[in-house]
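Working notes, beginning with the structure itself.
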Amino acid sequence: MGDPKTSRRKYEKPSHPWQEERIKEENDYIRHYGLKNKKEYWKARSVLKNIRAQARNLQARLRYGEKQATEEKEDLLDKLRKKGFLKGQDHGLNDILGLTIEDILNRRLQTLVYHKGLAHSAEQARQFITHGHISIGGRKVTVPSYIVKKEEEPTIDYYSNSPLSEELHPERPEEEVTPTRIPKMIEKEKEKDFEGDRR
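Listed below in structure tokens is the structure:
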């Protein structure tokens with residue numbers, strides 16, 4: 038038997054721990070999306086950073102006329118469409134570079150449960166998921182950070198064995214929630230990464 042795999046950290050911490058503006062921004066996103074802690078926010082940022090890095094790498098290879106890069110570009114675009122990060126079909130690498138942290142956080146199961154009107158708040162959506170009240174395609178999912186594929190989104194519902202599947206259950210909301218954006222921060226999000234992201 039081989040040595041057991043060592044689990045690696047799936048996120049990067051900010052290079053400077055005490056930046057007031059960044060800390061305020063993190064706290065705003067944590068409140069808005071009902072995240073458990075900053076680690077969940079950093080994980081989402083790392084996902085975004087890795088996607089952007091792939092796009093930049095492909096842009097450089099395409100400039101040198103590398104044929105394999107063309108196939109990898111289409112594979113990456115198709116992957117991001119399936120995950121719901123890109124909407125529609127007509128996209129390029131510049132659209133990937135234009136993705137924001139919101140595009141990542143909005144595909145979390147917790148966010149979609151709230152936006153579909155299955156919970157009164159993002160915090161309650163998290164509770165419903167971890168307690169086994171939510172399913173995707175009839176299968177119970179208990180991970181709030183699960184990235185929901187586009188084809189899976191219509192199948193999000195209460196788990197059939199959950200008390201919440203009863204329409205008259207008092208904890209069920211009455212209508213869907215209209216998603217809102219966090220004011221002031223969103224426009225600068227496209228250009229702003231953690232300090233050192235572009236190095």
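Quick note on the working numbering: the sequence shown kicks off at 38 and runs consecutively.
Where is the CB? At the ideal position from N, CA and C, for every residue including glycine.
query = For the region 81-100 against the region 109-127, are there 3 or more C-beta pairs whose distance is under 8 Å?
reply = yes
query = For the putative contact between ILE173 and GLU189, defined by C-beta atoms under 8 Å, what is the C-beta separation to the nearest angstrom?
reply = For the purposes of this step, residue 173 is identified with residue 136 of the sequence shown, where counting begins at 1. For the purposes of this step, residue 189 is identified with residue 152 of the sequence shown, where counting begins at 1. Taking C-beta atoms under 8 Å as the contact rule, ILE173 and GLU189 qualify, at a distance of about 5 Å.
inquiry  = Need the endpoints of the beta strand (DSSP E) that ILE173 sits in, please.
reply    = The count along the sequence shown starts at 1 and reaches residue 173 at position 136. Per DSSP, ILE173 belongs to the beta strand (DSSP E) from 171-173.
inquiry  = Give me the DSSP bridge partner(s) of ILE184.
reply    = The residue given as residue 184 occupies position 147 in the sequence shown. ARG145, per the DSSP bridge assignment.
task = Helix, strand or coil for PRO51, going by three-state DSSP, please let me know.
result = If you number the sequence shown from 1, residue 51 lands on position 14. Here PRO51 sits in coil by DSSP.
request  = Note down the Cα distance separating HIS53 from LEU72, rounded to an integer number of angstroms.
outcome  = Position 16 of the sequence shown, counted from the first residue, corresponds to residue 53. Position 35 of the sequence shown, counted from the first residue, corresponds to residue 72. If I take the Cα positions, the gap works out to 21 Å.
task = Assess, as a yes-or-no matter, whether the region 153-164 is touched by the region 130-139 under the definition of 3 or more beta carbon pairs within less than 8 Å.
result = no
message = For ASP194, report the span of its beta strand (DSSP E) as first-last.
response = As a working note, residue 194 is residue 157 in the sequence shown. Here the beta strand (DSSP E) through ASP194 covers 193-195.
message = For GLU49 and LYS86, I'd like the C-alpha separation in whole angstroms.
response = Indexing the sequence shown from 1 puts residue 49 at position 12. Indexing the sequence shown from 1 puts residue 86 at position 49. Approximately 10 Å, taken between the alpha carbons.
ask   = Thinking C-beta only, is LYS116 closer than 8 Å to ILE184?
value = Against the sequence shown, residue 184 aligns to sequence position 147. Against the sequence shown, residue 116 aligns to sequence position 79. No; because the gap between Cβ atoms is not below 8 Å, this pair is not in contact.
ask   = Between the C-alpha atoms of GLY175 and SER197, what's the straight-line distance to the nearest angstrom?
value = Numbered from 1 along the sequence shown, position 138 holds the residue referred to as residue 175. Numbered from 1 along the sequence shown, position 160 holds the residue referred to as residue 197. Rounded to whole angstroms, the gap between the alpha carbons of GLY175 and SER197 is 7 Å.
ask   = In three-state terms, what does DSSP make of LYS124?
value = Counting from 1 along the sequence shown, the entry for residue 124 is found at position 87. Coil, per DSSP.
key: DSSP-derived helix/strand/coil call for GLU108   = Stepping through the sequence shown from its first residue, residue 108 is reached at position 71. It is helical.
ask   = When we look at the beta-carbon of ILE171 and count the other beta-carbons within 10 Å, is it buried (16 or more) or exposed?
value = For the purposes of this step, residue 171 is taken as residue 134 along the sequence shown, with counting starting at 1. Buried, since its Cβ has 16 or more Cβ neighbours within 10 Å.
query = Around the Cβ of VAL180, are there at least 16 other Cβ atoms within 10 angstroms (buried) or fewer (exposed)?
reply = On the sequence shown, residue 180 is found 143 positions in, with the first residue counted as 1. Per the 10 Å Cβ criterion, exposed.
ask   = What are the partner residues of LYS177, as DSSP defines its beta bridges?
value = One-based indexing of the sequence shown puts residue 177 at position 140. DSSP, once it has assigned bridges, lists SER172 as partnering LYS177.
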